[in-house]
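With numbering that gives the first Met the number 0, the residue at position 6 of the sequence shown is 5, and numbering never jumps.
Take a look at the structure below.
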Amino acid sequence: MPVTGAGGTSALSIVLFAGGFDRVHYALVMASAAAATNRKVTLFFTGRALRALVHETEPGVLGWHDLDPADDGSTPVARDRYFATHGLATFEELLEACVAMGVTVMACEMGLRALGLPPGVSLRPDVPVATGGVVTFLNEAPGGGAMLFV
Numbered sequence: 000m001p002v003t004g005a006g007g008t009s010a011l012s013i014v015l016f017a018g019g020f021d022r023v024h025y026a027l028v029m030a031s032a033a034a035a036t037n038r039k040v041t042l043f044f045t046g047r048a049l050r051a052l053v054h055e056t057e058p059g060v061l062g063w064h065d066l067d068p069a070d071d072g073s074t075p076v077a078r079d080r081y082f083a084t085h086g087l088a089t090f091e092e093l094l095e096a097c098v099a100m101g102v103t104v105m106a107c108e109m110g111l112r113a114l115g116l117p118p119g120v121s122l123r124p125d126v127p128v129a130t131g132g133v134v135t136f137l138n139e140a141p142g143g144g145a146m147l148f149v
């Protein structure tokens with residue numbers, strides 16, 4: 000029997016569309032917290048948020064360093080450094096925690112094409128990423144679970 004949270008849901012599905020560093024970072028905060036409370040979690044990266052999953056060896060792409068500026072206007076690297084020096088989880092720590100706790104990470108095939116990335120673009124090798132479309136994401140989202148759009 001699945002463990003359910005206070006709201007009665009046992010799953011959380013998050014669509015990461017926005018490419019701002021703070022938004023992607025906080026989606027990882029939500030995903031890791033939900034996974035830590037025994038919820039099934041899926042992160043569906045699309046839009047500009049997909050850059051966080053692209054392997055940094057791809058020409059012209061810097062992975063999460065290439066996300067849009069943080070809400071305060073700082074670069075992703077500067078914001079992440081601020082988090083680290085103030086005792087907050089960094090991007091890599093959160094992503095690593097999500098992977099370790101079994102969060103499902105999906106990359107939207109249409110989103111990859113919309114970003115102009117070539118077919119077969121290299122995604123992060125340290126993150127098990129399933130590629131699929133919106134239909135796949137919706138079909139795999141557990142009924143009755145919460146869904147967030149970031």
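In this text, a Cβ means the ideal position worked out from N, Cα and C, and glycines have one as well.
Since we're looking at a predicted model, the values are computed, not measured.
DSSP places V126 outside both helix and strand once states are collapsed to three, so it counts as coil. For T84, the enclosing alpha helix (DSSP H) starts and ends at P75 to T84. By the 16-neighbour rule on beta-carbons within 10 angstroms, F43 is buried. Of the candidates A51, T41, G46 and A96, the residue whose Cα lies closest to the Cα of P75 is A51.
According to the DSSP assignment, M29 belongs to the alpha helix (DSSP H) that extends over F20 to A35. Taking a contact to require three or more Cβ pairs closer than 8 Å, the segment 124-131 and the segment 57-69 do not qualify as touching.
In this structure, DSSP gives L15 an extended state, which the three-state scheme calls strand. In the three-state DSSP reduction, D67 falls in the strand class (E or B). Here DSSP, grouped into helix, strand and coil, assigns A145 to strand.
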